[in-house]
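Working notes for the structure below.
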Amino acid sequence: MPSDGKDSEPASVPPDTPRGARSRSLRRLTPYLRPYVPRLVLMWLATMAGIATSTAIPLVGKDIIDDAVGDGHGAALLPLGLLVLALGVTEAFLTFVRRWTQTKAVLGLETAIRNDVYRHLQELPMSFHGDWQSGQLLSRVTTDLSTIRRFLGFGLLFLVMNVVQLTTVAGLLLRMYWPLGLLIVVAAVPIFAVSLRFEKKYRRISREVQDMQGDIATYVEESALGIRTIRAFGRRAHVYGEFDAAAREVHRVSMDKVRLASRFFTFLEVIPNVTLAMVLLLGALAVGSGSLTLGTLVAFTTLMLQLVWPIASLGYILAIAQEAMTSADRVVEVLDTEPEIVGGAEVIERPRGHLRFEGVGFRFPGADRPVLRDVWLEVRPGETVAIVGATGSGKTTLTALVPRLADVTAGRVTIDGRDVRDLKLPALRSVVATAFEEPTLFSMSVRENLTLGRGEATEDELREALEIAQATFAYDLPWGLDTRIGEQGMSLSGGQRQRLALARAVLSKPRILVLDDTLSALDVETEALVEEALRGVLADATGLVVAHRASTVLLADKVALLRDGTITHVGLHHELLSTVPEYRELLAQDTDLDPEEALR
Ligand SMILES: Nc1ncnc2c1ncn2[C@@H]1O[C@H](COP(=O)(O)OP(=O)(O)O)[C@@H](O)[C@H]1O
Ligand SMILES: [Mg+2]
């Protein structure tokens, strides 16, 4: 009951979320339901008809006992028996229809919302300068979407179904014989109240146990890593004591959790059984005195037992509902974030991939000095230019301007003579593909990460892209390409992440491929293999490749040296090597050229 819930801790919903905002979030998501209306209508019809049949069965049973058996009308037995059979089959069929329509509608709905979220996120300036927040946002959204799906696909249906079933059956019971009906309604109150309380407590304790286990893992990790320091300072007893205390605490709380659950489920057995005993006892008396027929009593007990689960599960369902509201808020928050970068209206019909920087300047908002100034650079269709420059010289910024992860603050970047700001964003992003040094991979499957909401790539294309990027390790993950990675899944090494990001960029077969130090975390051998394969890709595409190593520079037709935010030299690798001392110095830090480095 509400008064019971009030004093307990707030569940997962932050207290400052206004109610109005929450219902707005759900309303904002309702347009997604529109294409599924026919299916959902069918689902609801099947659900309601299912409730009707399952309630009707005990009522026919009552007639069987009272009329056919009790009054000795053997002739009515057969038709009534057949009716029960028909009702049973119908109920089974309706359950099938409900499940089937429900699954189809809900999966479609989740996909639709997810595609929109991904599409939207691609318009937000993410992965630029390690904008981890948007990355985390997306990971969260993936979890949020499954919470919403769970609610729409299961919680909402059962919520309504349970309430409808509860009210009809309770009404029926009260009408059949109100004193016993009243008894049952009264008995339902504690079941509902306790299940609500149980759900809240159980969730809190579960989270507590999870956090504590995390803490313990950290203890173990730290003391394993710092074992020498701990010994050296004679702190072993102290550290062990801390660990021991933490372990005991987890044990205690876990026992609380078990105790709570066993109490709840015992309670769930006891109340209905006690009620049943009372109904049978009082019912027998009533039958004896003639105020109740035997058939009614049997129907009564059957109907009453049908109520236990709907009542007990309400607590769980309400908890899911609350979670889904919070998730809807977060998803809507992402959907409603205005992209800072808005696309133009043009598309390029047959992109050739002619890339030009025309007097480009870039200044971060609020910064006093521009990062880039007066950059002129031309990359002709099919040509590849390597960008070489010291750390902080603006290489990442320069590459980010092409797919408009950021916009120039002076001059313009053009593709085939058109300002990138005039292009539709999807058109631009289909011409340009990027892979960054610190790629953002999301908490979803490898496949989803590779196709990122644009799922039309074939298996063969996927394999080809993974082979080019030397990322076929993905097939050997526990669930192959369906393995979830990121926050809540498999963790990957920096090199593996880079290779997947490269595969993602290559997969879209872009006219312009922009690589910002994408190979930095690879070992020399793998890098060589990737470079060999990239040569084929870059032969057709226009390439802008940030390079630190001579081997990467050699992929390019020419090199541009970026210094203090502007391009000072453009030329062939060997020309710059012999004429520009700074270029020589920059590449001398490379393992290939520096013997001292190579010895390490
Ligand atoms: N968000 C930011 N706000 C202000 N300055 C930034 C930001 N991100 C990077 N910078 C500065 O911009 C310059 C160029 O950075 P970057 O393009 O990453 O260089 P590179 O990739 O060549 O190492 C650096 O001096 C860096 O400190
Ligand atoms: Mg960089």
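Count along the sequence shown starting at 1, add 703, and that's the number in the numbering used here.
Just so you know, even glycine gets a beta-carbon here, dropped at the ideal spot from N, CA and C.
query: Count the other CB atoms within 10 Å of the CB of residue 788; is the residue buried (16 or more) or exposed (fewer)?; result: exposed
query: Report yes if the C-beta distance between residue 1153 and residue 1206 is below 8 angstroms; otherwise report no.; result: yes
query: If you follow the beta strand (DSSP E) that residue 1081 is part of, which residue opens it and which one closes it?; result: 1075 to 1082
query: Quick one: what's got a C-beta closer than 6 angstroms to residue 1229's C-beta in the same chain, skipping five residues either side?; result: 1173
query: Could you name each continuous beta strand (DSSP E) segment of 3 residues or more that falls completely within the region 1173 to 1225, going from the start of the chain to the end?; result: 1215 to 1219
query: Taking residue 770 as the reference, give the member of 999, 806, 1035, 1019 with the closest Cα.; result: 999
query: Check whether the Cβ of residue 1267 lies closer than 7 angstroms to any heavy atom of ligand 4, and answer yes or no.; result: Absence of ligand 4 is noted for the structure shown, with ligand 1 and ligand 2 being the only ligands found.
query: Measure the CB-CB distance between residue 1234 and residue 1216 and report whether it falls below 8 angstroms.; result: no
query: Determine contact between the region 1014 to 1034 and the region 852 to 859, defined as no fewer than three beta-carbon pairs at a distance below 8 angstroms.; result: yes
query: State the start and end residues of the unbroken alpha helix (DSSP H) segment that holds residue 1033.; result: 997 to 1039
query: If you drop the 5 nearest sequence neighbours on each side, which residues of the same chain put their C-beta closer than 7 angstroms to that of residue 1062?; result: 1077, 1079, 1113, 1114
query: Of all the options 1148, 1236, 1241, 1032, which has the alpha carbon lying nearest to the alpha carbon of residue 1135?; result: 1241
query: If you reduce the DSSP assignment to three classes, tell me which class residue 830 lands in.; result: Residue confidence is low: residue 830 scores 43 on pLDDT, short of 50, so the model does not pin down where it sits. Its coordinate-derived value is still stated next. Reduced to three states, the DSSP call for residue 830 is coil.
query: Can you name, in chain order, every residue of its own chain whose Cβ lies under 8 angstroms from the Cβ of residue 833, other than the five neighbours on each side?; result: Low local confidence applies: a pLDDT of 43 at residue 833 is under 50, so the model's placement there is unreliable, and no value is given.
query: Give a yes or no on contact between the region 725 to 740 and the region 781 to 801, applying the rule of three or more CB pairs nearer than 8 angstroms.; result: no
query: Here's the rule I'm using: 16 or more other beta-carbon atoms within 10 Å means buried, otherwise exposed. How should residue 830 be labelled?; result: Low confidence applies here, because residue 830 scores a pLDDT of 43, under 50, leaving its location unreliable and the question unanswered by this model.
query: Is residue 1099 near ligand 2, in the sense that its beta carbon is under 7 angstroms from a heavy atom of that ligand?; result: yes
query: Could you check what DSSP says for residue 1277 in three-state terms: helix, strand or coil?; result: helix
query: Please classify residue 1121 as buried or exposed, where buried requires at least 16 other C-beta atoms within 10 Å of its C-beta.; result: buried
query: Which of the three DSSP states, helix, strand or coil, is assigned to residue 1049?; result: strand
query: Considering only their Cβ atoms, is the gap separating residue 1013 from residue 869 smaller than 8 angstroms?; result: yes
query: Across which residues does DSSP place residue 1058 in a beta bridge pair?; result: 1082, 1118
query: Output yes or no for whether 8 angstroms exceeds the beta carbon distance between residue 1027 and residue 796.; result: no
query: Any beta-carbon of chain E closer than 8 angstroms to the one on residue 741?; result: The structure shown contains no chain E; it holds only a single protein chain.
query: Are the region 878 to 897 and the region 1033 to 1052 touching by the rule of at least three beta carbon pairs closer than 8 angstroms?; result: no
query: Run the CB neighbour count on residue 1281, radius 10 Å, all protein chains shown included, and call it buried at 16 or more, exposed below.; result: exposed
query: Check whether the Cβ of residue 1016 sits closer than 7 angstroms to any heavy atom of ligand 1, and report yes or no.; result: no
query: Over what stretch of residues does the alpha helix (DSSP H) that includes residue 866 continue unbroken?; result: 859 to 879
query: Can you determine whether any heavy atom of ligand 1 sits closer than 7 angstroms to the C-beta of residue 1206, and answer yes or no?; result: no
query: When the distance is taken between beta carbons, is residue 1090 closer than 8 angstroms to residue 1263?; result: yes
query: State the DSSP-derived secondary structure class of residue 786, mapped to helix, strand or coil.; result: helix
query: Distance check for residue 1151 and residue 837, CA to CA, integer angstroms please.; result: Here the model assigns residue 837 a pLDDT of 49, short of 50, so the residue's position is not dependable, and the following value carries that caveat. Each residue's alpha carbon lies about 17 angstroms from the other.
query: What does the Cβ neighbour count give for residue 799, buried or exposed, with the cut at 16 atoms within 10 Å?; result: exposed
query: May I have the straight-line CA-CA distance separating residue 1248 from residue 1088, to the nearest angstrom?; result: 6 angstroms
query: Starting from the C-beta of residue 1197, find all residues in its chain whose C-beta is less than 7 angstroms away, skip the five residues before and the five after it, and write them out in chain order.; result: 1224
query: Need the endpoints of the alpha helix (DSSP H) that residue 752 sits in, please.; result: 740 to 766
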